[in-house]
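Q: Below are the C-alpha cells for one structure; questions will follow.
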C-alpha cells in the first residue's frame, strides 16, 4: 500500500495553466495580443502540505481555481512544482518520475482518450505500456468493459462516444494496470446519477482492495459519501482538514441561516446574536446576515419578530443543514459554487 | 529504459498507420507521382525537357516523398494530440521517461519515411521507364544517406509538431515546407544555381539540399552533386540540431 505526501508545494504558472487547471485564475489576460508586458504570473499553489495515508480515500475539495488540478498534476509528474516536494510512497515524484508513474492511475478532468483507437484497443495498448502480457491485457480489458457497461461499444472508435461514456472509459483505463494509487479529478462531472452511483461503488470496491485514492471534487455529496478524510483548499492553501464528520461539526452550530432584510440594520445583528442557539452572526453584503446556529426552522419566528420590531421586512431566508458547503462558506465567506 | 513500453507505443503507432493505410498512401504518393508523370513523362515526351531529366528528377522526388512523409507522420499527430483533448496524456503517463515518447515518435516517423523513399523508386521507375538510368554502385553510402534523410524528416516533424499550433498548420506548409521543397535542389541539382551565387550559398541552410544532393550522388552519380562528405556532415548536423530542438520543445509542451 502506498501513501502520498507533499511539503510546502508551491506552483506559479508563467504561461497558461494546463488542461483543466486554472479555471478561476482569469487566464485570458495571458492570451491577449502581443504586448510588451511581462508574462502574467498565476499563483496556483501557495505552500500546500498534505499527508495521505496508504489505503485512504482522500478528497481535495474547493472551488474552481483553488489548486486541486495543479496538486494532482504535481503528484502525477505532469506539473513541475515551483517549490516544495511531493512523494508517492518513498519516491520523490519529480526526481523519480518513472517509478512514480508505475504506481499511479490517473483520470483527468477532461477525457483525454486516444481518438485513433477503439475502446478495447485503448485498454489493451494502455496495458501494453505498463508491461502486461497479452493474455492478462485481454482478460482485464474485457472485465473492465463489462464492469463499466461498455461492452457493446468495445469495438467502436471513441470519437463518437458521449461524454459519460468517455468518462467511464477513462476510469477503466486508469484501473487497467491495477495501480496502487488512483487519482480522479472531478470523476463524476458529466455523469448521470445512475452512473455516478456505479462509479462510487467501483471506487469503494477498489479502495477495499487496499488501494489509495485521491479525488478532487466540488460536489459536497460526493466528498461526504466517499472520502475518509478531506482537505478544503482555496487560493492554493489548505483551509481545513479532517474527516467529513469532523469538518462539519467544526462549523459553529451546524445550521446556517442566510437572511435578507429590506435594509441594513446593524443594531438588529446584536439582537440576533442574543437569540438562544445562535453561535455567530455575520453581516453579508449590505442588507443580509449569515447566522450560524444549532437549530434551523424554529428560529424563524423569533427572527421575524425582531425584524418587525426594528421596522424591517425579512425578505428571504435560506436554511441549510450541517454540510461541507457551510464549512467552506464559514472559512472563506464565499460559496463553493461561486 | 523501458523497452516493453517503447515497443508497445511503436505497436500502437503501427496499428494506427495500418488503419489509415489508404489515405496515408494517397497523401504520400499522389502528388510526387503526378509530378513525375507530368515533368518526367509528358514534358519529356513532348520535347520540353531533355530525356536525362527523368533520371535527374528521381532522387529529388524521393527526397520530397521522404521528407513529406516523415514530417507528416510525426508533426500532425503531435499537433493534434497536444491540443485541447490532450490525447497524448496516456503515453506521457506511461512508465518511461517522457523524452522517449518523443523518440518513439521519431523512430516511427523514420520508418515511415524510409518506406516512402524505398517505394517511390520502383513506382517512379515504372512511370518513367524507359530512359531512367540509376545505379546502386555504393549501396552502403546510399543506405547511410537514406537513413539520415529519413531521420531528418522525422526530427523535423518533431521540431515542427511541438512548435506549431493547430491554427497554424496551413502556415507551416506554405511558409516552411513549400519554400524548403522549391529551394531544396529537388527539381534541379545544386550546381544549377551556379549563375545565382548568393542564392547558391543561402540554400545551404536548407537541409533538404543535402538530402536531394546526397540521394542524387548515390543514385544518379552521372549528374553533378555535392560531395558525399559534405552531405553526410550536413545531414548529421541537421539531424542532431532538429532532434535536440524537438526534444526541448516536446518537454516544454509535455510538462507545465
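Protein chains in written order, with the working numbering: chain D, 422 to 759; chain H, 986 to 1241.
Even for Gly, the Cβ is constructed at its ideal location relative to N, Cα and C.
Source: prediction; values computed, not measured.
#1: When you compare the CB of residue 522 of chain D with every CB in chain H, is at least one pair closer than 8 Å?
#2: Whole-angstrom Cβ separation of residue 1109 of chain H and residue 1021 of chain H, contact assumed at under 8 Å?
#3: Report the residues of the region 1070 to 1099 of chain H with a CB closer than 9 Å to any CB of chain D, ordered along the chain.
#4: Could you check what DSSP says for residue 991 of chain H in three-state terms: helix, strand or coil?
#5: Which residues in chain H sit within 9 Å of residue 529 of chain D, going by Cβ to Cβ distance?
#6: Using a Cβ cut-off of 8 Å (strictly closer), state whether residue 709 of chain D contacts chain H.
#7: For residue 1001 of chain H, would you say it is in contact with chain D, using Cβ-to-Cβ distances shorter than 8 Å as the test?
#8: Could you pull the start and end residues of the alpha helix (DSSP H) that residue 1015 of chain H belongs to?
#9: Which residues in the same chain as residue 1041 of chain H place their Cβ atom closer than 6 Å to its Cβ, once the five residues preceding and following it in sequence are excluded?
#10: So with CB distances below 9 Å, who are the chain H contacts of residue 536 of chain D?
#11: Using the C-alpha atoms, what's the distance from residue 462 of chain D back to residue 732 of chain D?
#12: Taking 8 Å as the CB-CB limit, is residue 994 of chain H close to chain D?
#13: Could you tell me which chain H residues have their CB closer than 7 Å to the CB of residue 485 of chain D, listed as they occur along the chain?
#14: Output the distance between the C-alpha atoms of residue 1232 of chain H and residue 505 of chain D, rounded to the nearest integer angstrom.
#15: Give the DSSP-derived three-state secondary structure of residue 603 of chain D in the structure shown.
#16: Is the Cβ of residue 627 of chain D closer than 8 Å to any Cβ of chain H?
#17: With a cut-off of 8 Å on the beta carbons, I'd call residue 724 of chain D and residue 693 of chain D a contact; round off their distance for me.
#18: DSSP three-state call for residue 703 of chain D: helix, strand or coil?
#19: Any idea if residue 631 of chain D is buried or exposed, counting beta-carbon neighbours within 10 angstroms, 16 or more meaning buried?
#20: For the beta strand (DSSP E) that contains residue 463 of chain D, what are its first and last residues?
#21: With C-beta atoms as the reference, is residue 990 of chain H less than 8 Å away from residue 552 of chain D?
#22: I'd like to check one pair, residue 510 of chain D with residue 423 of chain D: are the Cβ atoms closer than 8 Å?
#23: Between the C-alpha atoms of residue 1132 of chain H and residue 1193 of chain H, what's the straight-line distance to the nearest angstrom?
#24: Quick one: what's residue 428 of chain D bridged to in DSSP?
#25: For the structure I just gave you, are there three or more beta carbon pairs, one from the region 1080 to 1090 of chain H and one from the region 1167 to 1186 of chain H, closer than 8 Å?
#26: Given 8 Å as the limit, is there contact between the region 602 to 616 of chain D and the region 634 to 641 of chain D, that is, 3 or more CB pairs closer than that?
#27: Helix or strand or just coil, what does DSSP make of residue 682 of chain D?
#28: Suppose you measure from the CA of residue 1229 of chain H to the CA of residue 572 of chain D; what does that come to, to the nearest Å?
#29: Go ahead and label residue 1125 of chain H buried or exposed: buried means 16 or more other beta carbons lie within 10 angstroms of its beta carbon, across all protein chains shown.
#30: Which bits of chain H does residue 552 of chain D rub up against, with CB to CB less than 9 Å?
#31: Terminal residues of the continuous beta strand (DSSP E) containing residue 483 of chain D?
#32: How about residue 704 of chain D and residue 690 of chain D: do their beta carbons lie closer than 8 Å?
#33: Using the C-alpha atoms, what's the distance from residue 564 of chain D back to residue 591 of chain D?
#34: Give every residue of the same chain whose Cβ lies closer than 8 Å to the Cβ of residue 699 of chain D, excluding the five residues on either side of it in the sequence, and list them in chain order.
#35: For residue 661 of chain D, which of helix, strand or coil comes out of DSSP?
#36: With respect to the alpha helix (DSSP H) encompassing residue 528 of chain D, which residues constitute its N-terminal and C-terminal limits?
A: Working from what's here:
#1: Translated into the one-based positions of the first chain, residue 522 of chain D becomes position 101. Chain H, which has a Cβ nearer than 8 Å to the Cβ of residue 522 of chain D, makes this yes.
#2: Indexing the second chain from 1 puts residue 1109 of chain H at position 124. Indexing the second chain from 1 puts residue 1021 of chain H at position 36. Their Cβ separation, rounded to whole angstroms, is 5 Å, which keeps residue 1109 of chain H and residue 1021 of chain H in contact under 8 Å.
#3: When CB distances to chain D are screened at a threshold of 9 Å, the residues of the region 1070 to 1099 of chain H falling below it are 1070, 1071, 1072, 1073, 1074, 1075, 1076, 1077, 1078, 1079, 1080, 1081, 1082 and 1083, in chain order.
#4: In the second chain, residue 991 of chain H corresponds to position 6, counting from 1. The answer is helix: DSSP assigns residue 991 of chain H an H, G or I state.
#5: Within the first chain, residue 529 of chain D is the residue found at index 108, counting from 1. Here the neighbours are 1071 and 1074.
#6: Taking the first chain and counting its residues from 1, the one referred to as residue 709 of chain D is at position 288. For residue 709 of chain D, the answer is no, since every Cβ of chain H falls outside 8 Å of its Cβ.
#7: For the purposes of this step, residue 1001 of chain H is identified with residue 16 of the second chain, where counting begins at 1. At least one beta carbon of chain D lies nearer than 8 Å to the beta carbon of residue 1001 of chain H.
#8: Translated into the one-based positions of the second chain, residue 1015 of chain H becomes position 30. 1006 to 1020 is the span of the alpha helix (DSSP H), which, as asked, contains residue 1015 of chain H.
#9: Locating residue 1041 of chain H in the second chain gives position 56, where the first residue counts as 1. Excluding residues within five positions, the ones whose Cβ falls inside 6 Å are 1208.
#10: Translated into positions along the first chain, residue 536 of chain D becomes position 115. Going along chain H in sequence order, the residues near residue 536 of chain D (Cβ under 9 Å) are 1065, 1066, 1070 and 1072.
#11: Along the first chain, one-based indexing puts residue 732 of chain D at 311. Along the first chain, one-based indexing puts residue 462 of chain D at 41. Computed Cα separation, rounded: 50 Å.
#12: Taking the first residue of the second chain as position 1, residue 994 of chain H is located at position 9. Answer yes: the Cβ-Cβ gap between residue 994 of chain H and chain D drops below 8 Å somewhere.
#13: The residue given as residue 485 of chain D occupies position 64 in the first chain. The premise fails here: residue 485 of chain D is roughly 17 Å from chain H at the closest Cβ pair, so nothing lies under 7 Å.
#14: Sequence index remark: in the second chain, residue 1232 of chain H carries index 247 (1-based). Sequence index remark: in the first chain, residue 505 of chain D carries index 84 (1-based). Those two C-alpha atoms are separated by around 26 Å.
#15: Indexing the first chain from 1 puts residue 603 of chain D at position 182. Here DSSP, grouped into helix, strand and coil, assigns residue 603 of chain D to strand.
#16: In the first chain, counting from the first residue as 1, residue 627 of chain D sits at position 206. So no, residue 627 of chain D is outside the interface.
#17: Along the first chain, one-based indexing puts residue 724 of chain D at 303. Along the first chain, one-based indexing puts residue 693 of chain D at 272. With a Cβ gap of about 7 Å, residue 724 of chain D and residue 693 of chain D count as contacting.
#18: Translated into the one-based positions of the first chain, residue 703 of chain D becomes position 282. Reduced to three states, the DSSP call for residue 703 of chain D is strand.
#19: The residue labelled residue 631 of chain D in the question sits at position 210 within the first chain. Here residue 631 of chain D is exposed, its C-beta having fewer than 16 other C-beta atoms within 10 Å.
#20: For this step, residue 463 of chain D is matched to residue 42 along the first chain. DSSP places residue 463 of chain D inside the beta strand (DSSP E), whose first and last residues are 463 to 473.
#21: On the second chain, position 5 is the one that residue 990 of chain H refers to. On the first chain, position 131 is the one that residue 552 of chain D refers to. Yes.
#22: As a position in the first chain, residue 423 of chain D is number 2, starting the count at 1. As a position in the first chain, residue 510 of chain D is number 89, starting the count at 1. Yes, the Cβ-Cβ distance between residue 423 of chain D and residue 510 of chain D is below 8 Å.
#23: Locating residue 1132 of chain H in the second chain gives position 147, counting from the first residue. Locating residue 1193 of chain H in the second chain gives position 208, counting from the first residue. So the two alpha carbons sit approximately 14 Å from each other.
#24: Counting from 1 along the first chain, the entry for residue 428 of chain D is found at position 7. DSSP output for residue 428 of chain D lists D:506 as bridge partner(s).
#25: No: fewer than three Cβ pairs fall under 8 Å.
#26: Contact annotation: the region 602 to 616 of chain D touches the region 634 to 641 of chain D, with at least three C-beta pairs closer than 8 Å.
#27: Position 261 of the first chain holds residue 682 of chain D. Of the three classes helix, strand and coil, the one that applies to residue 682 of chain D here is strand, per DSSP.
#28: Here the question's residue 1229 of chain H lines up with position 244 in the second chain. Here the question's residue 572 of chain D lines up with position 151 in the first chain. Take the alpha-carbon of residue 1229 of chain H and the one of residue 572 of chain D: they are about 43 Å apart.
#29: As a first step, residue 1125 of chain H is located in the second chain; it is residue number 140 there, counting from the start. With fewer than 16 Cβ atoms within 10 Å of its Cβ, residue 1125 of chain H is classed as exposed.
#30: In the first chain, residue 552 of chain D corresponds to position 131, counting from 1. Neighbours of residue 552 of chain D in chain H, taken as residues at a C-beta separation under 9 Å, are given in chain order as 987, 989, 990, 993 and 1080.
#31: Walking along the first chain from the start, residue 483 of chain D turns up at place 62. Counting along the chain, no beta strand (DSSP E) covers residue 483 of chain D, and no H or E run does either.
#32: Here residue 704 of chain D refers to the residue found at position 283 of the first chain. Here residue 690 of chain D refers to the residue found at position 269 of the first chain. Cβ distance < 8 Å, so residue 704 of chain D and residue 690 of chain D count as in contact.
#33: Taking the first chain and counting its residues from 1, the one referred to as residue 591 of chain D is at position 170. Taking the first chain and counting its residues from 1, the one referred to as residue 564 of chain D is at position 143. In a straight line, the C-alpha of residue 591 of chain D is about 15 Å away from that of residue 564 of chain D.
#34: Indexing the first chain from 1 puts residue 699 of chain D at position 278. Scanning its chain for C-beta atoms nearer than 8 Å, with the 5 sequence neighbours on each side dropped, one finds around residue 699 of chain D the residues 674, 693, 712, 713, 714 and 720, in chain order.
#35: Your numbering for residue 661 of chain D matches position 240 in the first chain. Correct three-state label for residue 661 of chain D: strand.
#36: As a position in the first chain, residue 528 of chain D is number 107, starting the count at 1. It is not in any alpha helix (DSSP H) - residue 528 of chain D instead sits in the beta strand (DSSP E) that spans 525 to 528.
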